[in-house]
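Numbering (full-length UniProt numbering), first residue to last: 1 to 265.
Glycine included, every Cβ here is placed at the ideal spot set by N, Cα and C.
Bear in mind the structure is a predicted one, so any value in this text is a computation, not a measurement.
Put into structure tokens, the structure is as follows:
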């Protein structure tokens, strides 16, 4: 049949090529090996889906190179070079050193932590009890009140009236040599900068039947001055309230001025 004849011709050509290859000195073993490898991984074969053989990893390659280098130096009787430092180890060590330095720097920057202090510093109180930037020695008491009665201070010097002061417009009046804070300035050298205060206080009084009555009365307090104060010739104790009555006469320090307290009604 024609097909058998064509197949015979193909086989004859193949055998002629192999004989020609052998005659020229070649070998068909490599050809057979390549042909077998190709057929092994053709689609539909048993080994088509099998994993291909992979090349050596870079790590094994570096190890082989190191061994070859050591063998080379051993053959030539030369000292072997110092072992190479692997990149992975070097990077990890550098990373560890940098992390350690960052930890130490963070701890140094943090420092010992201190708890917040919410206690009173006294700055607000000092600011509220100041006048024109000058701290006041005196603090008004809780019972301080503005008087309802009209009070006046008549100022006498050597028996002659020199001035009249209306002292019922506020709850306290400061006497002293400091004109910045004093309500009643005193220029005598024996007077202190903040010498004394006339303070109006809301006082509770009881009669013989136990009934309470509230009255606003004037008091004099000496602010620990160097030369003190007198009322009707009697020295006033320092830092204590001394009740003033209508018609009392005050003197500040060694000044010759006399202050007579009188009510208008």
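Quiz item: When DSSP labels each residue in this structure, what does residue 175 get in the three-state scheme?
Solution: strand
Exercise. Work out the CA separation of residue 246 and residue 166 for me, nearest whole Å.
Key: 14 Å
Quiz prompt | Range of the contiguous beta strand (DSSP E) that encloses residue 230 | solution = 229 to 231
Self-check item: residue 201 classed as buried or exposed, judged by whether at least 16 other C-beta atoms fall within 10 angstroms
Solution: buried
Quiz item: Where does the unbroken beta strand (DSSP E) through residue 180 begin, and where does it stop?
Solution: That residue, residue 180, is in no beta strand (DSSP E); it is neither H nor E in DSSP.
Quiz prompt | Classification of residue 172 by the beta-carbon crowding that lies within 10 angstroms, buried from 16 upward | solution = buried
Quiz prompt | Identity of the residues DSSP links to residue 130 by a beta bridge | solution = 135
Quiz item: If you count every other CB in all the chains shown that lies within 10 Å of the CB of residue 27, and 16 or more means buried, which is it?
Solution: Legend: pLDDT at residue 27 = 49, less than 50; position of this residue unreliable, value from coordinates given subsequently. Residue 27 is exposed by the Cβ-count criterion.
Practice problem: Count the C-beta pairs between the region 219 to 233 and the region 248 to 265 that are closer than 8 Å, then say yes if the count reaches three, no if not. | Solution: yes
Quiz item: Which one or two residues does DSSP pair with residue 193 in a beta bridge?
Solution: Partner(s): none; residue 193 has no beta bridge.
Quiz item: For residue 190, which residues of its own chain have a beta-carbon under 6 Å away from its beta-carbon, when the five flanking residues on both sides are left out?
Solution: 227, 253 and 254
Quiz item: Which first and last residues belong to the beta strand (DSSP E) in which residue 263 is found?
Solution: 257 to 263
Exercise. Would you tell me roughly how many angstroms separate the C-alpha atoms of residue 219 and residue 195, rounded to the nearest one?
Key: 14 Å
Exercise. Compute the Euclidean distance between the alpha carbons of residue 268 and residue 251, then round it to the nearest angstrom.
Key: Here the chain has residues from 1 to 265 only, and residue 268 is not among them.
Quiz item: Who pairs with residue 165 in a beta bridge, going by DSSP?
Solution: 153
Quiz item: Helix, strand or coil for residue 248 per DSSP?
Solution: coil
Quiz item: Do the CB positions of residue 137 and residue 223 come within less than 8 Å of each other?
Solution: yes
Self-check item: Local Cβ density within 10 Å of residue 204, reported as buried at 16 or more and exposed below that
Solution: exposed
Quiz item: Got a sec? Which residues, its chain only, sit under 6 Å from residue 163 by beta carbon, not counting five neighbours each side?
Solution: 155
Quiz item: Alpha carbon to alpha carbon, what distance is there between residue 62 and residue 68?
Solution: 10 Å
Practice problem: For residue 180, I'd like the list of residues in its chain whose CB is within less than 6 Å of its CB, leaving aside the five on either flank, ordered along the chain. | Solution: 132 and 134
Exercise. Under 8 Å Cβ to Cβ from residue 248, same chain only, skipping five residues before and after it: list those, please.
Key: 231, 232, 260 and 261
Quiz prompt | Supposed close pair residue 239, residue 221 - CB separation, criterion 8 Å | solution = 7 Å
Practice problem: Indicate the three-state DSSP secondary structure (helix, strand or coil) for residue 254 in the structure shown. | Solution: coil
Quiz item: So, is residue 170 buried or exposed, given that buried needs 16 or more other C-beta atoms within 10 angstroms?
Solution: exposed
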